[in-house]
Structure formats: structure tokens, C-alpha cells
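Peer 1: In this note's numbering, the protein residues as written are 20 to 157.
Every residue gets a Cβ at the ideal spot worked out from N, C-alpha and C, and that includes glycine.
As the structure is a prediction and not an experimental result, all values here were calculated from the model.
Pasting in a structure now, in C-alpha cells, and then I'll have a few things to ask.
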């Protein structure tokens, strides 16, 4: 019998090595769990090789935080009163900083006593992106 592990322990490496058959289903299940959680959640790294490349070690003082960021451009209110500009300036507006930097700033705002080591993309769906931010005690 081939027993399939839970979605938390499934990684893309397990899929490549042939240990699991449907990576897509495991990924979707993982994202469904993440949607129910908060915006900033302390977790174990899902991509351990990427976290270790950023300097993460499994010992006290190292923290990995998953941060959810909304995809898409920021919402700008359409001008309602006064002279209407021909090009109203509500489309094609982008942030000056990337989604990854937004996630890092949110993590630093929550954990002010930690220092940032780096971050990486953990997953995304149609509306949100999840980044895992690696932090350590100073």
C-alpha cells in the first residue's frame, strides 16, 4: 500500500522523487489551509532548502513567518466631484515596492525584536501570494 503523507509534509522535492502522485492536489489543499489562517503566521519552512540558503538553522533564535499579500494593483478612488479628468488615473497604478518587500515589512512590523535575513515565495493563488520570511534574534 502506498500511503500519502499530509499536505504539510509534501514538498516539490517529494513530487520530483516520485513519492507522491498528485502535487497539484497537495498544493491546493495547502493553500486552502493557508487561506483560513491569519495574515502573519509563525510556521516551519515549507521550502527548507531555500530557507537554509538564506541562513536559516533549526535552532532557537531563528523564526520563519508566513505572510499573506493581496495580488493586484492598489485601489484608487475614482474622482466623483468637480471637474472630471479625461484620464482619471485609476487604472495601471502600481506600488513603488514589490509584493515581497511588502511581506517583509509586515513581518518586521509584527516582530520588531527580530532581524530580517530574507524571504521567498511560498505559494500563490488567484487573489493572494504567500511569502515566507526568515528572521533571527539579534
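So the beta strand (DSSP E) residue 141 belongs to, where does it begin and stop?
Peer 2: In the chain shown, counting from the first residue as 1, residue 141 sits at position 122. Its beta strand (DSSP E) spans residues 134-143.
Peer 1: Count Cβ pairs between the segment 41-61 and the segment 79-88 that sit closer than 8 Å; are there 3 or more?
Peer 2: Yes, the segment 41-61 is in contact with the segment 79-88.
Peer 1: Suppose you measure from the CA of residue 132 to the CA of residue 100; what does that come to, to the nearest Å?
Peer 2: Reading the chain shown from its first residue, position 113 is the one you call residue 132. Reading the chain shown from its first residue, position 81 is the one you call residue 100. The straight-line gap from Cα to Cα measures roughly 46 Å.
Peer 1: How big is the Cα-Cα spacing for residue 72 and residue 106?
Peer 2: Within the chain shown, residue 72 is the residue found at index 53, counting from 1. Within the chain shown, residue 106 is the residue found at index 87, counting from 1. Going from the Cα of residue 72 to the Cα of residue 106 covers about 46 Å.
Peer 1: Can the beta-carbon of residue 139 be found closer than 9 Å to that of residue 69?
Peer 2: Within the chain shown, the letter at position 120 stands for residue 139. Within the chain shown, the letter at position 50 stands for residue 69. Yes; because the gap between Cβ atoms is below 9 Å, this pair is in contact.
Peer 1: First and last residue of the alpha helix (DSSP H) that includes residue 52?
Peer 2: Indexing the chain shown from 1 puts residue 52 at position 33. From DSSP, the alpha helix (DSSP H) with residue 52 extends over 42-55.
Peer 1: The alpha helix (DSSP H) that contains residue 71, what's its start and end?
Peer 2: Residue numbering aside, residue 71 sits at position 52 when the chain shown is read from its first letter. Element bounds for residue 71: 67-72.
Peer 1: Grouping DSSP H, G and I as helix and E and B as strand, with all else coil, what is residue 123?
Peer 2: As a first step, residue 123 is located in the chain shown; it is residue number 104 there, counting from the start. Three-state DSSP puts residue 123 in a helix.
Peer 1: In or out: residue 51 buried (at least 16 other Cβ within 10 Å) or exposed?
Peer 2: Here the question's residue 51 lines up with position 32 in the chain shown. Exposed is the call here.
Peer 1: Around the Cβ of residue 64, are there at least 16 other Cβ atoms within 10 angstroms (buried) or fewer (exposed)?
Peer 2: Locating residue 64 in the chain shown gives position 45, counting from the first residue. Residue 64 comes out buried.
Peer 1: Just curious, the beta strand (DSSP E) that residue 151 is in, first and last residue?
Peer 2: The residue given as residue 151 occupies position 132 in the chain shown. 147-155 is the extent of the beta strand (DSSP E) around residue 151.
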